[in-house]
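First up is the structure itself, then whatever we jot down about it.
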Amino acid sequence: MSMDTDDPAFRQRMTVVNQNQIRMAVLTDDKYPADDFSMERFWKDSRADLNFLFEKYYKILCLFACRFVKDERVAEEIAGDTFFKLWKLRETFNSLKNVEAFLFLTTKNACIDYCRKVDNEKKNKKALLNFLLQEGYQYVDTMLISTEDFTELSRQIELLPPDCKLIFQLLYFQKLETGEVAEKLGKTARNVLNQKAKAIRILRKVLKRNR
Numbered sequence: 001m002s003m004d005t006d007d008p009a010f011r012q013r014m015t016v017v018n019q020n021q022i023r024m025a026v027l028t029d030d031k032y033p034a035d036d037f038s039m040e041r042f043w044k045d046s047r048a049d050l051n052f053l054f055e056k057y058y059k060i061l062c063l064f065a066c067r068f069v070k071d072e073r074v075a076e077e078i079a080g081d082t083f084f085k086l087w088k089l090r091e092t093f094n095s096l097k098n099v100e101a102f103l104f105l106t107t108k109n110a111c112i113d114y115c116r117k118v119d120n121e122k123k124n125k126k127a128l129l130n131f132l133l134q135e136g137y138q139y140v141d142t143m144l145i146s147t148e149d150f151t152e153l154s155r156q157i158e159l160l161p162p163d164c165k166l167i168f169q170l171l172y173f174q175k176l177e178t179g180e181v182a183e184k185l186g187k188t189a190r191n192v193l194n195q196k197a198k199a200i201r202i203l204r205k206v207l208k209r210n211r
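1 is the number of the first residue of the sequence shown in my numbering; add one for each residue after it.
Below is the structure:
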């Protein structure tokens, strides 16, 4: 799915700057009169009515999402997922107005979740850089961890032995001190330090492979 942004009429509507204006652009679009849609048919698996909704709202939802996520591909995926959710819940709506409200609210919530995820990944990248720097990793101050690096590091953390993984997560994610982790898990400080060192060795190998 992709937005036909070369359509002059569509590009003109793209000047809207907030949700209310976007919704008004949809509501006043004579190309898709409400009389062409039947809620009763939609309840009964009418693909024609689903297509009506898709044609009427998909492009504008893509624009709406893109204003949040700043990425056309992600916006298109979010808009597509919104229609999938709509289809699964179609029997719960009683009017076109309810459908429209659901489309915009669901898209907005998905965008917020996406932006929160991106922000958390950025924070985790920065925290991991600082953590490795504190551990004396000699390359960390001259390199940036790419998205691919971070994905692989996250995967490797999940694959760590149970004790090693738990200790690393307490130190890295929760920022507990060695003594606090030892007390929390009923282990010695030496054991915590050994498990921490093991995790660091594994993560260093991951980064070195990608240098």
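Virtual Cβ for every residue (Gly too), placed ideally from N, Cα, C.
Query                                                                                                                                                                          : Result
What whole-angstrom Cβ distance do VAL192 and ALA182 have, given they're in contact under 8 Å?                                                                                 : 5 Å
Please classify ILE157 as buried or exposed, where buried requires at least 16 neighbouring CB atoms within 10 angstroms.                                                      : buried
Does the region 58-73 come close enough to the region 39-48 that 3 or more CB-CB pairs lie under 8 Å?                                                                          : no
When the Cα of ARG201 is compared with those of CYS111, CYS164, ALA75, which residue comes out closest?                                                                        : CYS164
Please state the DSSP three-state secondary structure of LYS184.                                                                                                               : helix
Please classify THR188 as buried or exposed, where buried requires at least 16 neighbouring CB atoms within 10 angstroms.                                                      : exposed
Which one of LEU160, LEU171, ASP81 has the shortest CA to CA distance from LEU128?                                                                                             : LEU171
Using 8 Å as the Cβ pair cut-off and three pairs as the minimum, do the region 115-122 and the region 47-63 touch?                                                             : no
Which of the three DSSP states is assigned to SER38 in this structure?                                                                                                         : coil
For ILE60, count neighbouring Cβ atoms within 10 angstroms of its own Cβ and tell me buried if that reaches 16, exposed if not.                                                : buried
From THR92, GLN195, PHE150, GLU177, pick the residue whose C-alpha is nearest to that of PRO162; which is it?                                                                  : GLN195
With a cut-off of 8 Å on the beta carbons, I'd call LEU96 and PHE37 a contact; round off their distance for me.                                                                : 6 Å
Can you tell me where the alpha helix (DSSP H) holding GLN169 begins and where it ends?                                                                                        : 162-172
Going straight from the alpha carbon of LYS184 to that of ILE167, what length do you get?                                                                                      : 10 Å
In the DSSP assignment, the alpha helix (DSSP H) including ASN51 goes from what residue to what residue?                                                                       : 47-69
Since ALA79 and ALA65 should fall inside the 8 Å C-beta cutoff, what is the C-beta to C-beta distance between them, to a whole number of angstroms?                            : 6 Å
Could you tell me the distance, in whole angstroms, from the CA atom of LYS85 to the CA atom of LEU160?                                                                        : 36 Å
Taking all protein chains shown into account, do 16 or more other C-beta atoms lie within 10 angstroms of the C-beta of ARG190, making it buried, or fewer, making it exposed? : exposed
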